[in-house]
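Novice: For the sequence shown, position 256 matches number 239 in this note's numbering, and the numbering has no gaps at all. For every residue, glycine included, the Cβ atom is placed at its ideal position computed from N, Cα and C. Quick caveat, the model's predicted, so the values are computed rather than measured.
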Amino acid sequence: MSQKDKSSVGHVEDIEAVETGQMKKHEATKVMGTVKLTEDSIIYIPTPTADPQALMGQQAIQVCLTTVWVLFAGPIAEAITPEWWYGLGAVLAGALFVGTFFLLPETKYERSLSAYQEESSSGDEVLTEGFDDNKPNHTEVVPCTERLELDFVNYSPRTFKSDLRLWNGKPEWFKVWEVLKQTAELLLFPNVLWALLLNGLVIGVNVAIGTTYSTIISAAPYNWPNSSASYINCGQIVVAIVALPLLGHSSDWLVKFRAKRNNGLHEPETRLIPLILPAAIGTFTSSLYGEGGAHPYDYHWFVYAWAVAAYYFCFVGVNIVTITYLLDSYPARAGPLLVIVCAFRGIISFGTSYGTAPFIELHGYDGTFNTFAALTGFLSLVGIPIFIWGKRIRAFTGRFAKDKTN
């Protein structure tokens, strides 16, 4: 069997059966999220949404734009009054909402599991026959390993007018109930629940730092004017330009490196390894910020500049790592997973940040942010058993993360 023939097969079992020339009846790879890397055509991301480099690039641009906006918040608010500052924000939000209609096309199309590098939608049972160059060897649909040519015979070309459609094909309103049901089911998966709790915590702590640093640096011994306090956010631009792209590239390198050592198989748990750096930085930074807030005469103002940038790196790193891990693990549930990670975490973060002020009054900055540091470290360490037993978790939970039609 040639290397080209090997690289076109989606699962390791198929390759082994073809090489031995034996009749072999087996089930397709049962562990959702485990995919085969093909030679000269690296396929390591089941869904386009899970590409860490793309997400990091998007985050880098977003952070730069947001930071520039925040950097000048102080002088702008002083010039136009805080009321008009929020009014300006409302106008810009409204303009973006209108722009979304024209610039954001609908991307929902009917896709089989093979499009996610998963099992064929025709069934789980696959019959593999002895290898013969002149006839097919198994009935399984080969996973997508390269971009197909656009079919302009059966489909009309994409235009600006077609991008304005609210949906593609016939709308499936029953999917609303399905998404809610699937979201509730996914919340019972231990790895999904862990990702939700960690995301909710880090965004809450990030908000807590962002809402308290100005109180510290505008008081003695720093005495920064209120119009200048926002300049301390400039470190986030460095995070966006340097740290985030490095995190994305390291994730892709690890995926390819570990897959080569695992007979070409990519396991989603590899995505969790880059979590080590943002988790460690976030734990240290939260504690340092608390100590600086409690003892301002003992620390330089750069402590707070570091905290604003470093814990933001922790938040974005956790966000990207957990999203790519979950989308790799359950590709057929991308929508509900994004609802859980990107929406439900707001409930947890609200509770965390809302209670910050009374927590500081009772226990001080050091007690509050040392608690946040302990929680960041603890929830990050829970990722270790998720990494070790993640495949078993996926083997059990994956059966509940597929549509009946698949």
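Could you give the DSSP three-state label for residue 184: helix, strand or coil?
Specialist: Assigned with DSSP and collapsed to three states, residue 184 falls in helix.
Novice: Secondary structure at residue 278, three-state DSSP: helix, strand or coil?
Specialist: coil
Novice: Return the chain-ordered ranges of every alpha helix (DSSP H) run that is complete within the segment 243 to 306 and spans a minimum of 4 residues.
Specialist: 259 to 277
Novice: Could you give the distance in angstroms between the alpha-carbon of residue 352 and the alpha-carbon of residue 288?
Specialist: 16 Å
Novice: Starting from residue 319, follow the alpha helix (DSSP H) in both directions and report where the run begins and ends.
Specialist: 317 to 322
Novice: Would you kindly work out how many angstroms separate the C-alpha atoms of residue 231 and residue 182, rounded to a whole number?
Specialist: Straight-line Cα distance between these residues: approximately 18 Å.
Novice: Look up residue 110 in the DSSP assignment and say whether it is helix, strand or coil.
Specialist: Unreliable placement is indicated for residue 110, whose pLDDT of 36 sits below 50; no coordinate value is reported for it.
Novice: Go through its chain and collect everything with a Cβ distance to residue 251's Cβ below 6 Å, but skip five positions before and after it.
Specialist: 16, 308, 311, 312
Novice: Measuring CB atoms only, is the segment 253 to 265 touching the segment 289 to 304, in the sense that at least three cross pairs come out at less than 8 Å?
Specialist: yes
Novice: Quick one: using the 10 Å Cβ neighbour count with 16 as the cut-off for buried, is residue 24 buried or exposed?
Specialist: Residue confidence is low: residue 24 scores 46 on pLDDT, short of 50, so the model does not pin down where it sits. Its coordinate-derived value is still stated next. Residue 24 comes out exposed.
Novice: Between residue 174 and residue 376, how many whole angstroms is the CB-CB distance? I'm expecting something under 8 Å.
Specialist: 5 Å
Novice: Below 8 Å between beta carbons: does that hold for residue 368 and residue 169?
Specialist: No. Outside cutoff.
Novice: Out of 286, 188, 54, which has the shortest C-alpha to C-alpha gap to residue 355?
Specialist: Of 286, 188, 54, the residue nearest in Cα terms is 188.
Novice: With residue 73 as the anchor, note down where its alpha helix (DSSP H) starts and where it stops.
Specialist: 56 to 86
Novice: Looking at C-beta atoms only, is the number of pairs between the segment 141 to 152 and the segment 80 to 89 that lie closer than 8 Å three or more?
Specialist: yes
Novice: For residue 197, which residues of its own chain have a beta-carbon under 6 Å away from its beta-carbon, when the five flanking residues on both sides are left out?
Specialist: 212
Novice: Return helix, strand or coil for residue 153, following the three-state DSSP convention.
Specialist: Coil.
Novice: Report yes if the CB atom of residue 277 is closer than 8 Å to the CB atom of residue 219, and no otherwise.
Specialist: no
Novice: Rounded to a whole number of angstroms, what is the C-alpha to C-alpha distance between residue 114 and residue 254?
Specialist: Note on residue 114: pLDDT 39, under 50, position unreliable in the model; the coordinate value appears next. Near 35 Å, if we compare the C-alpha coordinates of residue 254 and residue 114.
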